[in-house]
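If you count by my numbering, then the sequence shown holds residues 4 to 231, one letter each, in order. The next block holds one structure in the form of structure tokens; read it before the comments.
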Amino acid sequence: MIRKLLTGTTISAALLMSGCSITLDDEETREHETFFKQYTPADVGDIQALPDIEVIDGVTYVDGILVVNKEIPLPADYNPGLQQEVIDAYSEMFADGAERGLDFTLVSDFRTYDYQAGLYNNYVARDGQAEADKYSARPGHSEHQTGLAIDVGSTDSATTLSIKFGETPEYEWMKDVAHEYGFIVRYLEGKEDITGYQYEPWHLRYVGDAAEAIYESGLTLEEYLGID
Ligand SMILES: [Zn+2]
Numbered sequence: 004m005i006r007k008l009l010t011g012t013t014i015s016a017a018l019l020m021s022g023c024s025i026t027l028d029d030e031e032t033r034e035h036e037t038f039f040k041q042y043t044p045a046d047v048g049d050i051q052a053l054p055d056i057e058v059i060d061g062v063t064y065v066d067g068i069l070v071v072n073k074e075i076p077l078p079a080d081y082n083p084g085l086q087q088e089v090i091d092a093y094s095e096m097f098a099d100g101a102e103r104g105l106d107f108t109l110v111s112d113f114r115t116y117d118y119q120a121g122l123y124n125n126y127v128a129r130d131g132q133a134e135a136d137k138y139s140a141r142p143g144h145s146e147h148q149t150g151l152a153i154d155v156g157s158t159d160s161a162t163t164l165s166i167k168f169g170e171t172p173e174y175e176w177m178k179d180v181a182h183e184y185g186f187i188v189r190y191l192e193g194k195e196d197i198t199g200y201q202y203e204p205w206h207l208r209y210v211g212d213a214a215e216a217i218y219e220s221g222l223t224l225e226e227y228l229g230i231d
């Protein structure tokens, strides 16, 4: 939380400890100011704190966590593939689940910008843009393009990419342990107005060590980071 109070600078913990202050050069200051205008400060007790936002090569990090949503895009050429830490994390979670008689499947993982564009355009053609926007990301706005998101399912294929997955034994176990593997359920029930997406019990986002605090908070990633 200390870092949040420092509002958008890139001060490291070490600098903090030594009591140093740094001054952003003009260009950097302008960049940050432009960005902050888009966000309402988060309430932290009596103090109004701004999130710590950095944009590196067109990729946005808030408090060090890569963020993609309806407002924050990725560059079209951002093409990292599925990240190894994600493969390790879900492999371990699936294995631990299997020991409890649960049978997870990996439904979807990394998607390129172009692939997402094809998906989205097909959904728009089928259901119209307003409907498509409720369940599909526009190209450049999919978490799957980060290489940090996966869709999981159970062997009951009738629940694949359906809110029925939320009623499977796999989900019942997963929802309260996914954070131990670094995942959060990204699009929560009742938070549609914040995430912009319908409830997706199957969509997991890897955030690493931050997962536990986010899970405990019961908040969406946007709320947790103060960018909702
Ligand atoms: Zn997904």
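Glycine included, each C-beta is placed from N, C-alpha and C at the ideal position.
Spatial neighbours of E226 in its own chain (CB-CB distance under 7 Å, excluding positions within 5 residues in sequence) are listed in chain order as I197. If you draw a 10 Å sphere on the C-beta of K194, you find 16 or more other C-beta atoms in it, and that means buried. Rounded to whole angstroms, the separation of the alpha carbons of R141 and K73 is 8 Å. For Y138, the closest C-alpha among the options Y116, A161, T115 and Y200 is that of Y200. Ranked by Cα distance from Y218, the first of E134, G229, R189 and R114 is R189. Here DSSP, grouped into helix, strand and coil, assigns E203 to strand. Taking the CA atoms as reference points, S160 sits about 12 Å from I166. A Cβ-Cβ distance of about 6 Å is found for the pair T163 and V110, placing them in contact under the 8 Å criterion. Counting only runs that start and end inside the region 93-176, the alpha helix (DSSP H) elements of at least 4 residues fall at 116-130 and 132-138.
For L207 against A152, the beta-carbon gap comes to about 7 Å, under 8 Å, which counts as contact. Membership of Y190 in the beta strand (DSSP E) is indicated by the continuous run F186 to Y190.
Around the Cβ of P76, a 10 Å sphere holds 16 or more other Cβ atoms; the residue is buried.
At a Cβ-Cβ threshold of 8 Å, A214 and I68 do not count as neighbours. Across the set Y93, I59, P83 and Y81, the C-alpha of Y93 shows the shortest separation from the C-alpha of G156.
For Y218, the enclosing alpha helix (DSSP H) has its first and last residue at A213 to S220.
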